[in-house]
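One structure is given here, and the rest of the page talks about it.
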Amino acid sequence: MKTTLGQLPQILRKGLAPVYLVSGDEPLLVQECCDQIRGAAKEAGFHDRLTFHADQQLNWNTVADELSAMSLFSERRRIEIRLPTGKLGDGRSVLERVLQQPPEDIIVLLISARLDASETRRKWYKELQSKGVHVPVWPVDADKFSGWLQQRASNKGLNLTREALAMLAERLEGNLLAASQELDRLALLTDGNAIDEVVIEQAVQDSSRFNGFELVTELISGRAPHAGKMIGVLQQEGENPLGLLAVLSRDLNLLLELKTGVNRTENPTAFFKKRGVFQPQRARALEQAARRLNPMQLHEAIKLCSQIDRAAKGFDDLSPWHYLRDMSALLAA
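First residue of the sequence shown: 1, per UniProt numbering; consecutive thereafter.
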């Protein structure tokens, strides 16, 4: 089955599955999700742990041997396999055999980057849906980050004023690991006292972090002020704009196809799903943009993509980030 991070504790209380898959690109949330599964497994007697990394050097026959071997002294084991690319590769047949006849003394935990879309069409993944549990972990949306931070602070017994919360959210946005660490530090520094913006100003540095995919979502959503902040951070960090440009150009062309092509009467949700848009945040942003933007704006935005490309390759006097700010204003109009 597929479930969410919030529903996982309830599912674990009902009993353990033979195989768990945790996938996503947010290290803190992936780690905490895996820790919940590990904790439940330990309580059920799965104390022994063996870890594999699915890189090019991994011999999947070794993994298969471990999965088929009887545990020493009847000790139950956890076998964790990290998938840095989001692909199983030669391990597909191994997982298929495990899912067809799950061993009683082993629990398998797959820890993956965002799962490659092609893997969800494979036999092993379909078997996992029926006999195992998949927890896809998505980044916290920008508009939900403040709420996530407030909940996290409350769980640690921190009392933040509204102004302190706003300042903390601005300084830590997009960097959940830094946010968690800063809250731990504030808990030690403040010793249960209320935390206002003066404390945040003195104690917390700006650790906001963004990536190109998040910027594309903000641009498509028309949130110009926030997109402007992200552009400034990415420019300072030396990000290559060509990577995000490819995603932005693809999304703009999808929107134009929906608005002007034979598909313009099709339901946007179905249209984007057919074209491989599965991430909830991106799908919502595209659906809203399809209602908000007109074909003329989209044509202008696609032309602007060409200028960004030329500037990024050194064929323009202006910076590509200059044109991305123009793009932000255009898509917010």
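Beta carbons: idealized from backbone N, C-alpha and C, even for Gly.
Alpha carbon of residue i to alpha carbon of residue j, nearest angstrom
i, j, result
"Q57", "G91", "12 Å"
"K313", "S319", "10 Å"
"P103", "T120", "23 Å"
"N159", "N175", "21 Å"
"P295", "L258", "10 Å"
"Q297", "L256", "9 Å"
"L188", "A178", "15 Å"
"R13", "E239", "44 Å"
"R122", "G89", "11 Å"
Within 8 Å, strictly: CB atoms of residue i and residue j
i, j, result
"L149", "A117", "no"
"F272", "A283", "yes"
"G24", "V137", "yes"
"A54", "R82", "yes"
"L219", "L248", "yes"
"A164", "V140", "no"
"G212", "L331", "no"
"A227", "L245", "no"
"I302", "N267", "no"
"Q36", "L8", "yes"
"L5", "C34", "no"
"L183", "K144", "no"
"R162", "S180", "no"
For residue i, the residue or residues it bridges with in DSSP
i, result
"E173", "Looking at the DSSP assignment, E173 forms no beta bridge with any residue, so it has no partner."
"V137", "G24"
"S112", "S23 and L83"
"L50", "I79"
"I106", "R77"
"K2", "H134"
"I11", "In DSSP, I11 forms no bridge with anything."
"L168", "None, per the DSSP bridge assignment."
"I195", "L160"
Contacts around residue i, its chain only, beta-carbon distance under 7 Å, and the 5 residues preceding and following it disregarded
i, result
"L72", "Any answer about L72 is weak, because its pLDDT of 49 lies below 50 and its placement is not dependable; what the coordinates show is given next. Around L72: no qualifying Cβ."
"L186", "L158, I195 and A203"
"A311", "L318, S319, P320 and Y323"
Contact set for residue i: own chain, Cβ-Cβ below 8 Å, skip 5 residues either direction
i, result
"D317", "none"
"L50", "E66, R77, R78, I79 and E80"
"Q281", "W138, P139, D141 and T217"
"E26", "V137, W138, P139, V140 and L176"
Beta-carbon contacts of residue i that lie in its chain and below 6 Å, excluding the five residues immediately before and after
i, result
"L242", "A312"
The region 157 to 169 / the region 189 to 207 touching (three or more Cβ pairs under 8 Å): yes
Validate contact between the region 43 to 59 and the region 115 to 132 using beta carbons, cut 8 Å, 3 pairs: no
Segment contact, 8 Å Cβ cut-off, at least three pairs: the region 106 to 123 with the region 6 to 24: yes
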